[in-house]
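Shown next, in structure tokens, is the structure this report addresses.
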Amino acid sequence: MTEIKPRDVQITAISTTDTTVLRSRTWDRLKFEVEYSLQKGTTANSYLIQGEKTALIDPPGESFTEIFLAKLQELIDLQQLDYIILGHVNPNRIFTLKALLELAPNVTLICSKPGAVALRTAFTEQELKIWVPRAEDTLDLGKEHQLQFIAIPTPRWPDGLCTYDSKSRILFTDKLFGSHVCGDEVFDENWKQLDEDRRYYYDCLHAAQARQIELALDKFASISPKFYAPGHGSIIRYSLSRLTHDYRNWSQEQKDQELKVALIYASAYGNTATLAQALAKGITKAGVAVESINCEFADTAEIEAAVQKCDGFIIGSPTLGGHIPTQVQTALGIVLSTATKTKLAGVFGSYGWSGEAVDEIETKLKDAGYRIGFEPIRVKFKPNDITLQQCKETGTDFAQELKKSKKVRAPWQAVSTSQIDRTEQAVGRVVGSLCVLSAKRENISSAMLASWVTQASFNPPGVTVAIAKDRAVESLSHTGDKFVLNILQEGKTIRRHFLKPFAPGEDRFAGLNVAESENGSPIITDSLAYLECTVKSRMECGDHWLVYALVNNGKMLQSTGITAVHHRKSGSHY
641 MTEIKPRDVQ
651 ITAISTTDTT
661 VLRSRTWDRL
671 KFEVEYSLQK
681 GTTANSYLIQ
691 GEKTALIDPP
701 GESFTEIFLA
711 KLQELIDLQQ
721 LDYIILGHVN
731 PNRIFTLKAL
741 LELAPNVTLI
751 CSKPGAVALR
761 TAFTEQELKI
771 WVPRAEDTLD
781 LGKEHQLQFI
791 AIPTPRWPDG
801 LCTYDSKSRI
811 LFTDKLFGSH
821 VCGDEVFDEN
831 WKQLDEDRRY
841 YYDCLHAAQA
851 RQIELALDKF
861 ASISPKFYAP
871 GHGSIIRYSL
881 SRLTHDYRNW
891 SQEQKDQELK
901 VALIYASAYG
911 NTATLAQALA
921 KGITKAGVAV
931 ESINCEFADT
941 AEIEAAVQKC
951 DGFIIGSPTL
961 GGHIPTQVQT
971 ALGIVLSTAT
981 KTKLAGVFGS
991 YGWSGEAVDE
1001 IETKLKDAGY
1011 RIGFEPIRVK
1021 FKPNDITLQQ
1031 CKETGTDFAQ
1041 ELKKSKKVRA
1051 PWQAVSTSQI
1061 DRTEQAVGRV
1071 VGSLCVLSAK
1081 RENISSAMLA
1091 SWVTQASFNP
1101 PGVTVAIAKD
1111 RAVESLSHTG
1121 DKFVLNILQE
1131 GKTIRRHFLK
1141 PFAPGEDRFA
1151 GLNVAESENG
1161 SPIITDSLAY
1171 LECTVKSRME
1181 CGDHWLVYAL
1191 VNNGKMLQST
1201 GITAVHHRKS
1211 GSHY
């Protein structure tokens, strides 16, 4: 069992910029990042600028309060701290802010207008010194450090605020350009190794708000940063132009999708927003774009435009005092008066003591004649990993149902129908062995029937498996993850078990004879043989990921029998 390192705070000066980064590190996943399924650890980055005046940017959350303040006081006398700049305000950060304000009672908090509202709500019994800068405002810290503030509101973080220091040319980007990976590397010298984690971070947190990300990138175009200093992960110095280009490309990919879902929600305590994030991840995995709308901050015209353009919509709501919040009621009214009845619908929400809001929205949509694409999702209090995995699978099923109803097919080359048919037939003659790929990470397990499997290397022994992006098990097949490849025997019925559709969260192994492998993944004991594997790398291949994995262990389970093989008539589907 791998030993988990204790949490710490790593302090590093950023060149000669008068700026120090305090990286609060954990090799475990932070609780508040529950919607981010991977577990490679993370860093919560805070930045200290010391001119003639001193500013602290983005103090970490409650998990690090004590060790962070101890390290910070090694650098400065907190009585001399002038400003705390907040890229966004969330409940997790309030605990640290309260501790800081006790030690630095005269400090001025700098945030966006929505951030100021959140702060005053959290500090009802304390008068705060808050400055909300306008677009043209700057802050002079002395020693030529002129700070410029750039509002970047998004549905997930409507109070988003970036800060640019024109002297050091550091752009403090908060939730943009980050990655959830913990290590000793402060900068991105080995940025190629971060490609997969950066893409996954974008897909999880930003794909559903691609339009707002593009607007943020447009705002950044007027400045010339030398560094991106994000809230999580390494500081970007060596791959700044590449990562900016990637963000534009990934956002454009979302805009170019043929189908779009409007995801409309409000979130009282962040739980409904977390569910929305998971649903969005499942939808975008299936090649359908999401337009995320936080109706607490969106105006009527924005909601109406999104509903008119979408092919399906999903509404999420908390339950407050047994009722739907006013903002969601307004958005529901717009949907009922704007969306055609042919659009696929969905409903979800979290609640504390009752969940009437979800039931009421579902009833109104059904009464209006809309078809509900999935069983409404109701989650009490904070969702856990299992619930979020179910949400992702629900989102994927919703997207696939939308494709089916719109009769969308993957585009082929601009050639004749007869040539397409001949090409499909020829590709279909590529034969692969039938296997079941099974994987488990903590409490989440999944499996899929795989036929695009081949040995890829002798030394070390390795295999490749092609996994469709919309498969549930795809989220358990990232670099470093472990799985078992169960090689099926010809004539057995296991394949039929995995050919049936599974409901979101349904146990894939119910009714099968299963044992646990050394890497924790399920072994189907009626298989011909099995291989225990660790993912070494992944390559994006159109609508699939090609996963290369090292074989760590293996065993024959049957002394006789031959490997089951999948013969296809067409190369356009399994």
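Every position in the sequence shown, counted from 1, becomes a number in this note's numbering once 640 is added.
Virtual Cβ for every residue (Gly too), placed ideally from N, Cα, C.
Model, not experiment: these values are computed from the prediction.
In the structure shown, what three-state DSSP assignment does residue i receive?
{"i": "THR778", "result": "strand"}
{"i": "TYR991", "result": "strand"}
{"i": "ILE707", "result": "helix"}
{"i": "ASP824", "result": "coil"}
{"i": "PHE860", "result": "helix"}
{"i": "PRO870", "result": "strand"}
{"i": "TRP771", "result": "strand"}
{"i": "ALA1039", "result": "helix"}
{"i": "TRP1052", "result": "Low local confidence applies: a pLDDT of 45 at TRP1052 is under 50, so the model's placement there is unreliable, and no value is given."}
{"i": "ASN732", "result": "helix"}
{"i": "VAL1067", "result": "helix"}
{"i": "GLN650", "result": "strand"}
{"i": "TYR909", "result": "coil"}
{"i": "ALA739", "result": "helix"}
{"i": "CYS935", "result": "coil"}
{"i": "GLY986", "result": "strand"}
{"i": "VAL928", "result": "coil"}
{"i": "LYS815", "result": "coil"}
In the DSSP assignment, the alpha helix (DSSP H) including residue i goes from what residue to what residue?
{"i": "THR970", "result": "966 to 978"}
{"i": "ALA762", "result": "753 to 762"}
{"i": "ASP999", "result": "996 to 1007"}
{"i": "GLY800", "result": "Where GLY800 is concerned, there is no enclosing alpha helix (DSSP H), given that its DSSP letter is neither H nor E."}
{"i": "ILE943", "result": "940 to 949"}
{"i": "GLN786", "result": "Element bounds for GLN786: not the alpha helix (DSSP H) but the beta strand (DSSP E), 786 to 791."}
{"i": "LEU1139", "result": "1134 to 1139"}
Could you give the first and the last residue of the continuous beta strand (DSSP E) run that contains residue i?
{"i": "ASN685", "result": "682 to 690"}
{"i": "HIS1184", "result": "1184 to 1196"}
{"i": "TYR905", "result": "900 to 905"}
{"i": "ILE725", "result": "723 to 725"}
{"i": "ASN1126", "result": "1122 to 1127"}
{"i": "GLU1172", "result": "1169 to 1181"}
{"i": "LEU881", "result": "Per the sequence presented here, residue 881 reads as Ser, with Leu not at that position. Premise fails: SER881 lies in the alpha helix (DSSP H), 880 to 896, not in any beta strand (DSSP E)."}
{"i": "LEU696", "result": "694 to 697"}
{"i": "ARG665", "result": "659 to 666"}
Looking at residue j and residue i, is the spacing between their C-beta atoms short of 7 Å?
{"i": "GLY922", "j": "GLY1035", "result": "yes"}
{"i": "SER1086", "j": "VAL1113", "result": "yes"}
{"i": "SER819", "j": "ASP843", "result": "no"}
{"i": "PHE988", "j": "ILE1026", "result": "no"}
{"i": "ALA1079", "j": "SER1161", "result": "yes"}
{"i": "ALA906", "j": "GLU931", "result": "no"}
{"i": "ALA1106", "j": "HIS1206", "result": "no"}
{"i": "SER1117", "j": "VAL1093", "result": "no"}
{"i": "GLY962", "j": "GLU996", "result": "yes"}
{"i": "ILE964", "j": "GLU1000", "result": "yes"}
{"i": "THR803", "j": "LEU787", "result": "yes"}
{"i": "PHE708", "j": "VAL649", "result": "yes"}
{"i": "THR912", "j": "SER990", "result": "yes"}
{"i": "ASN1126", "j": "VAL1076", "result": "yes"}
{"i": "SER1212", "j": "GLU1033", "result": "no"}
{"i": "LYS900", "j": "CYS950", "result": "yes"}
{"i": "CYS1173", "j": "PHE1123", "result": "yes"}
Taking the straight line between their C-alpha atoms, what separation do you get for residue i and residue j?
{"i": "TRP993", "j": "LYS1020", "result": "8 Å"}
{"i": "ASN1159", "j": "GLU742", "result": "47 Å"}
{"i": "VAL1187", "j": "VAL975", "result": "41 Å"}
{"i": "ASP886", "j": "ILE792", "result": "18 Å"}
{"i": "TRP771", "j": "VAL947", "result": "36 Å"}
{"i": "SER957", "j": "ILE904", "result": "9 Å"}
{"i": "LEU1089", "j": "VAL729", "result": "44 Å"}
{"i": "ASN889", "j": "TYR687", "result": "29 Å"}
{"i": "LEU834", "j": "SER879", "result": "10 Å"}
{"i": "ASN603", "j": "LYS832", "result": "This structure cannot speak to residue 603, because the chain is shown only from 641 to 1214."}
{"i": "PHE1138", "j": "LEU1152", "result": "11 Å"}
{"i": "ILE654", "j": "PRO699", "result": "17 Å"}
{"i": "ALA1155", "j": "SER1199", "result": "18 Å"}
{"i": "LEU779", "j": "ASN732", "result": "27 Å"}
{"i": "LYS983", "j": "LEU811", "result": "42 Å"}
{"i": "ASP1110", "j": "ARG1208", "result": "21 Å"}
{"i": "PRO745", "j": "ILE1163", "result": "59 Å"}
{"i": "LYS1046", "j": "GLN1040", "result": "10 Å"}
Open item on the list: Across the segment 818 to 829 and the segment 892 to 902, are there enough close Cβ pairs to call them in contact, namely three or more that are closer than 8 Å?
Closed with: no
Task: Validate contact between the segment 935 to 949 and the segment 850 to 859 using beta carbons, cut 8 Å, 3 pairs - done: Contact between the segment 935 to 949 and the segment 850 to 859 is absent, because fewer than three Cβ pairs lie under 8 Å.
TODO: Determine, using beta-carbon pairs with one atom in the segment 655 to 662 and one in the segment 793 to 800, whether at least three such pairs fall under 8 Å.
DONE: no
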